[in-house]
Amino acid sequence: MVKTIKITTGNQISIVELLDWSLKEKAKAIGAEYLEVVRTKRMYDFFGDMVVMLIDDSGFAENKPVNPVASYFYGVDEHGGIIAGDILLGMERSPYNFPLKHPEAVKRLLMERFPSLWEV
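Numbering (my numbering), first residue to last: 3 to 122.
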């Protein structure tokens, strides 16, 4: 079992346990068929490391709700692009991504910075 953070479109934040870190398990956790890895300078500046978002590649096309926290990290205020659907967070160590090493600490940091997030 591996643990990571899930942030939903309803601003729910939780530490989820996946059977393993396979594409199938990550996609299933956010209700996606295909995943896209998103990395931004804003995320690097916030976390001080290569934290990435694992998003639903078809979330926008499938008219899934906007994910406010993910859209902020994506830079919606700069270019208007949004992230639709739930997301997972991971660590990138090129060319691979891995689960977060300390999801509890990352969750606390996110909840301090984004008061709209609430625990499931």
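Even glycine gets a Cβ: it sits at the ideal position worked out from N, Cα and C. Since this is a predicted model, take the numbers as computed values, not measurements.
Spatially closest choice to residue i from the options, by CA coordinates
| i | options | result |
| --- | --- | --- |
| S60 | Y36, G82, F49, R44 | Y36 |
| M24 | P101, E106, G50 | Reading off the sequence, residue 24 comes out as Ser, not Met. Ranking P101, E106, G50 by Cα distance to S24 puts P101 first. |
| A29 | K109, M55, D51, R44 | M55 |
| A86 | S16, M45, V78 | V78 |
| S118 | M52, T11, L20, Y76 | T11 |
| S16 | M52, L91, R115 | L91 |
| A72 | A63, M52, R44 | R44 |
| P69 | F116, R110, V108 | Residue 69 is actually Asn in this sequence, not Pro. Of the candidates F116, R110, V108, the one whose C-alpha sits nearest the C-alpha of N69 is F116. |
Span of the beta strand (DSSP E) around residue i
| i | result |
| --- | --- |
| K43 | Element bounds for K43: not the beta strand (DSSP E) but the alpha helix (DSSP H), 43-49. |
| I7 | 4-9 |
C-beta contact flag for residue i and residue j at 9 Å
| i | j | result |
| --- | --- | --- |
| D58 | D22 | no |
| F62 | I84 | yes |
Contacts around residue i, its chain only, beta-carbon distance under 7 Å, and the 5 residues preceding and following it disregarded
| i | result |
| --- | --- |
| Q14 | W120, V122 |
Host alpha helix (DSSP H) of residue i (start-end)
| i | result |
| --- | --- |
| Y74 | 70-76 |
| E114 | 105-115 |
Own chain residues within Cβ distance below 6 Å of residue i, not counting five before or after
| i | result |
| --- | --- |
| E38 | I57, D59 |
| M113 | L119 |
Spatial neighbours of residue i in its chain, beta-carbon cut-off 8 Å, leaving aside the 5 residues before and after
| i | result |
| --- | --- |
| I32 | K8, L56, I57, D58, G87, D88, I89, L90 |
Whole-number beta carbon distance between residue j and residue i, since they are thought to touch under 8 Å
| i | j | result |
| --- | --- | --- |
| T6 | P105 | 6 Å |
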